[in-house]
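See structure below.
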Amino acid sequence: MKPAPFDYHRPDSVAEAAQMLTEFGDDGKLLGGGQSLVPMLAMRLAFFDNLIDISRLQEMKGIEVRDDEVRIGGGTTHAAVGADERVRSAVPLLTRATPLIGHFQIRSRGTIGGSIAHADPAAEYPAVALALDATMETVSTSGGRAIAAGEFFAGVWETAMEPDEILVGVRFPIWSGRCGFGVEEFARRHGDFAIAGAVAAIELDDDDRVRRSGIGLLGLSATPRRASAAEAAIAGRPIGDITAEEIGDLAMSGLDDIPADLQGSAHYRRRVGAAMVAQAWRSAVKEAFDA
1 MKPAPFDYHR PDSVAEAAQM LTEFGDDGKL LGGGQSLVPM LAMRLAFFDN
51 LIDISRLQEM KGIEVRDDEV RIGGGTTHAA VGADERVRSA VPLLTRATPL
101 IGHFQIRSRG TIGGSIAHAD PAAEYPAVAL ALDATMETVS TSGGRAIAAG
151 EFFAGVWETA MEPDEILVGV RFPIWSGRCG FGVEEFARRH GDFAIAGAVA
201 AIELDDDDRV RRSGIGLLGL SATPRRASAA EAAIAGRPIG DITAEEIGDL
251 AMSGLDDIPA DLQGSAHYRR RVGAAMVAQA WRSAVKEAFD A
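Numbering (UniProt numbering), first residue to last: 1 to 291.
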């Protein structure tokens with residue numbers, strides 16, 4: 001199929017794009033990498049009278065390392081994120097999650113802002129953003145604001161962004177100290193969306209107790225989710241007293257909206273999800289001990 005007819009616009013700045021978005025209202029839609037939007041338009045699952053192409057706005061791109069965080073422009077491609085040595089050093093979870101996103105063609109066009117704003121519950125970057133307490137930067141004609149990852153994802157493909165806002169950047173805290181990170185997901189074929197998956201981050205204190213942790217879940221809810229109950233249950237505990245299997249079971253507790261589809265039942269996804277959390281946790285703990 002072909003998309004329904006639309007008018008194409010290419011603004012010269014974020015400010016101009018925001019003005020267009022305000023002017024067109026519900027009839028306008030931003031086009032970044034287009035890896036989610038274009039297929040939906042082609043299958044006529046969505047249609048808009050006006051597409052606003054922000055893919056070439058240089059002010060939307062780039063990676064900046066600050067004292068305690070890394071800021072990545074919303075228009076920065078997955079490939080650029082995955083290849084950046086500064087990201088590899090400061091935010092290892094992003095680097096390790098990137099190769100799991102689709103295929104290299106998708107990573108060459110898709111953007112970090114597009115992935116997070118699309119809010120697919122099976123996508124990797126939203127899970128990383130949640131686990132690491134990232135902050136989303138948005139801009140509209142009314143000004144800018146910062147939205148914490150824990151408040152950003154609101155529903156199926158829904159976020160806390162207003163219709164006239166543009167996601168211009170994402171800030172990831174830099175974890176320091178005895179830290180470890182792990183990413184695991186299960187998909188039927190490489191490049192498919194994960195049936196279930198998890199990202200894990202852990203920091204240990206000098207007595208080998210859990211100082212802080214972050215666990216993000218993929219494909220296990222109607223929205224990107226964080227296993228907050230599991231994190232709270234292990235806070236301050238000696239790492240030697242915590243088994244990976246316990247973490248997997250704790251992460252699945254409280255999940256009452258696990259999807260069921262042709263890929264698997266809710267029960268199956270729960271079992272796979274627990275296994276993925278356990279594997280990611282083992283990797284993170286091993287790295288933290290080696291740090």
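All C-beta atoms in this analysis are idealised placements derived from N, C-alpha and C, irrespective of residue type, glycine included.
When DSSP builds the beta bridges, which residues end up paired with residue i?
| i | result |
| --- | --- |
| Ser176 | Bridge partners of Ser176: none, in fact. |
| Ser140 | Gly143 |
| Val70 | Val65, Phe172 |
| Asp84 | Asp84 pairs with nothing; no bridge assigned. |
| Phe153 | Thr159 |
| Asp53 | Leu31 |
| Ile166 | Val139 |
| Thr77 | Thr111 |
| residue 295 | This structure gives no information on residue 295, because the portion of the chain shown stretches from 1 to 291. |
| Ala148 | Thr135 |
Alpha carbon to alpha carbon, how far is residue i from residue j?
| i | j | result |
| --- | --- | --- |
| Thr223 | Pro99 | 22 angstroms |
| Ile101 | Arg107 | 7 angstroms |
| Gly236 | Val183 | 23 angstroms |
| Asp241 | Arg225 | 25 angstroms |
| Asp68 | Leu132 | 12 angstroms |
| Gln58 | Ser253 | 43 angstroms |
| Ala232 | Asn50 | 45 angstroms |
| Thr95 | Val65 | 15 angstroms |
| Arg270 | Thr22 | 42 angstroms |
| Gly248 | Ile166 | 36 angstroms |
| Glu16 | Arg44 | 27 angstroms |
| Ala260 | Ser221 | 10 angstroms |
| Ala284 | Ser140 | 38 angstroms |
| Pro92 | Ala83 | 11 angstroms |
| Pro163 | Phe24 | 10 angstroms |
| Leu204 | Cys179 | 7 angstroms |
| Asp256 | Pro39 | 30 angstroms |
| Ala291 | Ser36 | 38 angstroms |
| Glu287 | Leu217 | 20 angstroms |
| Met8 | Arg145 | First, the amino acid is wrong: residue 8 is Tyr here, not Met. Taking the straight line from one Cα to the other gives about 28 angstroms. |
| Ser213 | Ala230 | 9 angstroms |
| residue 347 | Ala227 | The shown model of the chain, from 1 to 291, leaves out residue 347, and the question about it has no answer. |
| Ser176 | Arg189 | 35 angstroms |
| Asp207 | Glu151 | 33 angstroms |
| Thr138 | Glu185 | 30 angstroms |
| Ile234 | Met60 | 38 angstroms |
| Gln279 | Phe289 | 16 angstroms |
| Ala275 | Ser13 | 45 angstroms |
| Arg282 | Arg211 | 16 angstroms |
| Asp26 | Arg10 | 18 angstroms |
| Gln263 | Ser115 | 22 angstroms |
| Phe153 | Leu30 | 18 angstroms |
Are residue i and residue j touching if we call contact CB-CB under 8 angstroms?
| i | j | result |
| --- | --- | --- |
| Met161 | Ala127 | no |
| residue 295 | Ser55 | Past the boundaries of the shown model lies residue 295; the chain is included only from 1 to 291, so the question cannot be answered. |
| Ala196 | Phe181 | no |
| Phe48 | Phe104 | no |
| Ala134 | Arg171 | yes |
| Ala149 | Ala129 | yes |
| Gly34 | Ile52 | no |
| Ile63 | Arg88 | no |
| Ala266 | Ile258 | yes |
| Gly273 | Ala187 | no |
| Arg71 | Gly143 | no |
| Trp157 | Asp192 | no |
| Gly219 | Ala194 | yes |
Could you round the C-beta distance between residue i and residue j to whole angstroms and report it? I think they count as a contact, below 8 angstroms.
| i | j | result |
| --- | --- | --- |
| Thr76 | Thr111 | 6 angstroms |
| Val277 | Ile215 | 6 angstroms |
| Ile174 | Ala90 | 5 angstroms |
| Lys2 | Ala42 | 7 angstroms |
| Tyr125 | Ala80 | Not a contact, Cβ separation roughly 13 angstroms. |
Between residue i and chain C, is any beta-carbon pair separated by less than 8 angstroms?
| i | result |
| --- | --- |
| Ala251 | Annotation note: the requested chain C is absent from the structure, which comprises a single protein chain. |
With a threshold of 7 angstroms, establish whether the CB of residue i neighbours any heavy atom of the ligand ADP.
| i | result |
| --- | --- |
| Leu31 | With respect to small molecules bound, the structure shown includes none, and the ligand ADP cannot be examined in it. |
Quick check on the DSSP output: what are the complete beta strand (DSSP E) runs of length 3 or more inside the stretch 2-51, in order along the chain?
7-9, 28-31
4 or more residues per run - each alpha helix (DSSP H) lying fully within the stretch 168-240
228-234
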